[in-house]
Structure formats: structure tokens, C-alpha cells
Ligand SMILES: *Cc1c(COP(=O)(O)O)cnc(C)c1O
């Protein structure tokens, strides 16, 4: 079976270094907010070109804490997309704010800046663009809109470690940016982890307090806070993995290029990279003509021992917990259509050329078989 992602292969590739980094923490006797976390925060800030990074427990809390540090309060409205991990929207609600869900650009699957104006209300305070699949959202018009309306922009960078717009990294465009280090992300630890990046010293101080009971540096609580810390073991793992991030992102780009070369003659849409953008291919997402073709291809690949995934099978506004409040919406038509037809192929740096070719061959075979058997009319494919 070729898996859709493979954090274990990544670990095995650097096992000696990871094991050594873990033993060092175990022997140090310091397990929370010690030297490893401080060093990782400095190194990741330097990688991004940001002034500050604050390690937190996971990506969802990173978004929530970033919003709170910007002063977002219960009842405030925050604009984001419905085509994202539910975590983005859950994080907005976690800090008591009310999400307003807007449309995506179907070419890049990221926030359509033209949809912002209709979502504006007098309570709107922030925008959370998501750099989905590793392709940057259209940050320039989004920032321009935010500036005109006096809104904060908090980037959701959970899928975009190392992505960039005109060479400037995602995570340095907004007032703050949230990262997840869930094991399958481009930069992933061996458990949960997250971080917030910012250039703003005031927001940095607030984040330091918020992640730990509202404590200031003298351990006096002067503000509200929770417990959301990055632990030393994960920070040590992340330091090793950060050293490999550029190389593993380059490898993802090569995997994507091999897919695109092979699949370009087929009746499906390939990922696009807009000019000036650095795409880091957290996912390689193709789009089929309709749901039936997508679902049948997924089954056909599974029968050939190739695992794929759908990111995401339903937009947030149609998930049961949210649908009562949001429901179907004419303003989210592209979002709804996209969810029915997308498919994420296997994507991880250790994927071999032989495996990529096997996946592409099987996709080619699917189209040969479906065209020959007139698949469109009866909907079944011989395997
Ligand atoms: C993974 C992810 C998150 C949440 O991160 P966790 O670390 O799982 O809490 C948020 N937004 C997006 C777009 C993600 O992919």
C-alpha cells in the first residue's frame, strides 16, 4: 500500500538525530519551556524572517491565542473560509468570536478577496486567510482590504511552512500567524505542537502570558491565560526537522512536478502556482469533472493499493455542528462544488519516483478503462 502521507518514513530517515535529540531532553531533566523551546522559537523565527515565535500546544490554540492577543473578544466577527480544516473555524469559536465564512478562488482553493466586502459587518474585527495545501492565499489584496477597514489579519499557516509570496514567507504578512506541527504537516513533530509568529512586541508579550496562566516573566498573572505550551521533547524534534525543512519542501516540489508532467494530458485539473508564489505542496490536489468520477477514481486507486484522501469531504458550513447556523449558501457555491470533486494524491518527501509512476500509471489506466467502457453512463469501472 502506498500511504497518502508517511510521517514514519520521515522519522526513519533521520532516526539517529531524532533519538539523540530526545535522549538529550530526557537527560536534561527539563521538560517544559526550557532551552529547546527557546532555541526552536529563535530558529523558526529566523527561518521565517519574523521577529518573534511563541511555541504553543497545537495549531488550533495557536489561531485562538493569536486572535486573543490581537484583542479579539467574544461577539467579535472573524472572516475566514469554509474550505479549510474545521480547526480554523473551531479556533475562532474557541475565543468566543463569530466566524463569517467566505468563498474561495477555485484555481488556488484559497480565500477570494472579492468575497470580503459582502462579509463585512460593524462587528468584524479580523480576517483569517488559510494558505491551503501549501499555496499562499492572495495576501496582498486581503491585507489592503484589512487595512482599509481596520481589521487584523491572522494567517493560518498550518499547511504552509516555507511557502512564500515574492520571496517573503507566509507567516510574516499578517499581524500574527499560526502554525501547527501535527505529525503530517510539512514541519511536523512526534505529537502535538504549534506556534504563533509575529513582528509585534506587544502581541509577543501577550502570547507569552496567554500560553501560561496569564503569567508575566516574573510569574505574576496580570492577564487572562490558559495552558498551551510546546514541550521540550517536541521542540527538540522540531529543531532537527527544521534543519531539513527546505530540503523536504524541495522534494515535495519535485514529487508535484513528476505528477504534473505525467497527468497533464488527462481530463482533470492539476494544482496551479500563481506567479511570484512559492508552493510547498502540503497536499497535491487534483480535481475531477464530477463527484462520481472522483469517488470511482478513489476506489480504483484503493483497489490498486494506493491511498488517497479528500481535504475536505464537506465544507465547514455543511458539517453537522455548523449547518444549523450556516446552512447552504449561494455565496459558497464554488466551495461546495470543489469539495465534491477534489482528491489528494499521496504526497510526502520520501515518496519514490517508482511509486509516483505507479500512481500515475494507475490514474492513466482509470481514464483508459472509463472511456473505453463508457463509464459516464453506467458508473462502474472494472478493476
Ligand atoms: C492542521 C490544521 C490546523 C490545526 O492544527 P492542530 O495542530 O491539529 O490543532 C488548523 N488549520 C489548518 C488549515 C490545518 O491544516
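In the working numbering, the protein residues as written are 96 to 478.
Using N, Cα and C, we set each Cβ at its ideal position, and we do this for glycine too.
All figures in this text were calculated on a predicted structure; none of them were measured in a lab.
Inset, instruction - Run the proximity test for residue 112: is its beta-carbon closer than 8 Å to any non-hydrogen atom belonging to ligand 1? - result: Reading the chain shown from its first residue, position 17 is the one you call residue 112. Answer for residue 112: no, Cβ out of range of ligand 1.
Inset, instruction - Tell me whether residue 465 sits in a helix, a strand or coil according to DSSP, three-state version. - result: Position 370 of the chain shown, counted from the first residue, corresponds to residue 465. Helix, per DSSP.
Legend entry - 4-residue-minimum alpha helix (DSSP H) runs that sit fully inside the segment 429-456, ordered along the chain: none
Inset, instruction - Tell me whether residue 126 sits in a helix, a strand or coil according to DSSP, three-state version. - result: Taking the chain shown and counting its residues from 1, the one referred to as residue 126 is at position 31. In this structure, residue 126 counts as coil in the three-state DSSP scheme.
Legend entry - residue 399 versus residue 462 - alpha carbon distance: Here residue 399 refers to the residue found at position 304 when the chain shown is read from its first residue. Here residue 462 refers to the residue found at position 367 when the chain shown is read from its first residue. Each residue's Cα considered, the two are about 14 Å apart.
Legend entry - Reduced DSSP category for residue 194 - H, G, I as helix; E, B as strand; rest coil: Taking the first residue of the chain shown as position 1, residue 194 is located at position 99. Residue state, collapsed to three classes: strand.
Legend entry - Residues of its chain near residue 384, where Cβ-Cβ distance is below 8 Å and the 5 sequence neighbours each way are ignored: Reading the chain shown from its first residue, position 289 is the one you call residue 384. Here the set comprises 362, 363, 436.
Inset, instruction - Look up residue 220 in the DSSP assignment and say whether it is helix, strand or coil. - result: Taking the chain shown and counting its residues from 1, one reaches residue 220 at position 125. Strand at residue 220.
Inset, instruction - Would you kindly work out how many angstroms separate the C-alpha atoms of residue 343 and residue 288, rounded to a whole number? - result: Reading the chain shown from its first residue, position 248 is the one you call residue 343. Reading the chain shown from its first residue, position 193 is the one you call residue 288. Distance between the alpha carbons of residue 343 and residue 288 is about 19 Å.
Legend entry - Simplified DSSP state of residue 317, which is helix, strand or coil: Position 222 of the chain shown, counted from the start, is the residue given in the question as residue 317. The answer is coil: DSSP assigns residue 317 none of H, G, I, E or B.
Legend entry - Contiguous alpha helix (DSSP H) assignments of at least 4 residues, all confined to the segment 200-256: 211-214, 234-244
Inset, instruction - In angstroms with no decimal places, state the Cα-to-Cα distance between residue 177 and residue 123. - result: Locating residue 177 in the chain shown gives position 82, where the first residue counts as 1. Locating residue 123 in the chain shown gives position 28, where the first residue counts as 1. In a straight line, the C-alpha of residue 177 is about 44 Å away from that of residue 123.
Inset, instruction - Could you please give the first and the last residue of the uninterrupted beta strand (DSSP E) stretch that includes residue 379? - result: Start at 1 with the first residue of the chain shown, and residue 379 comes out as number 284. Unbroken beta strand (DSSP E) run through residue 379: 379-382.
Inset, instruction - Let me know the secondary structure DSSP gives residue 423 once reduced to three states. - result: Residue 423 sits at position 328 when you count from the first residue of the chain shown. In the structure shown, residue 423 sits in coil (DSSP, three-state: anything other than H, G, I, E or B).
Legend entry - Sub-9 Å separation of residue 367 and residue 230 beta-carbons: The residue labelled residue 367 in the question sits at position 272 within the chain shown. The residue labelled residue 230 in the question sits at position 135 within the chain shown. Contact: yes.
Inset, instruction - Would you decide whether residue 228 is buried or exposed? Buried here means 16 or more other CB atoms lie within 10 Å of its CB. - result: Walking along the chain shown from the start, residue 228 turns up at place 133. Burial call: buried.
Inset, instruction - Using beta-carbon positions only, say whether residue 182 and residue 253 come within less than 9 Å of one another. - result: Here the question's residue 182 lines up with position 87 in the chain shown. Here the question's residue 253 lines up with position 158 in the chain shown. For residue 182 and residue 253, yes; Cβs fall inside 9 Å.
Legend entry - residue 205 beta carbon near ligand 1 (any heavy atom closer than 8 Å): Along the chain shown, read from residue 1 onward, the residue named residue 205 stands at position 110. No.
Inset, instruction - Using the Cα positions of residue 393 and residue 438, report the straight-line distance between them to the nearest angstrom. - result: Indexing the chain shown from 1 puts residue 393 at position 298. Indexing the chain shown from 1 puts residue 438 at position 343. So the two alpha carbons sit approximately 8 Å from each other.
Inset, instruction - Determine, using beta carbons only, whether residue 147 and residue 256 come nearer to each other than 9 Å. - result: Mapped onto the chain shown, residue 147 falls at position 52. Mapped onto the chain shown, residue 256 falls at position 161. It is not a contact, given that the beta carbons lie outside the stated cut-off.
Inset, instruction - Drop a sphere of 10 angstroms on the beta-carbon of residue 213, count the other beta-carbons inside from all chains shown, and report buried for 16 or more, exposed for fewer. - result: Stepping through the chain shown from its first residue, residue 213 is reached at position 118. It is exposed - the Cβ of residue 213 has fewer than 16 other Cβ atoms within 10 Å.
Inset, instruction - Grab the span of the beta strand (DSSP E) containing residue 147 for me, first residue to last. - result: Walking along the chain shown from the start, residue 147 turns up at place 52. Where residue 147 is concerned, the enclosing beta strand (DSSP E) stretches over 147-151.
Legend entry - Burial state of residue 216 (16 or more Cβ within 10 Å): As a working note, residue 216 is residue 121 in the chain shown. So residue 216 ends up on the exposed side.
Inset, instruction - Between the Cα of residue 423 and those of 317, 358, 303, 196, spot the shortest distance and give me the residue it belongs to. - result: Your numbering for residue 423 matches position 328 in the chain shown. Ranking 317, 358, 303, 196 by Cα distance to residue 423 puts 196 first.
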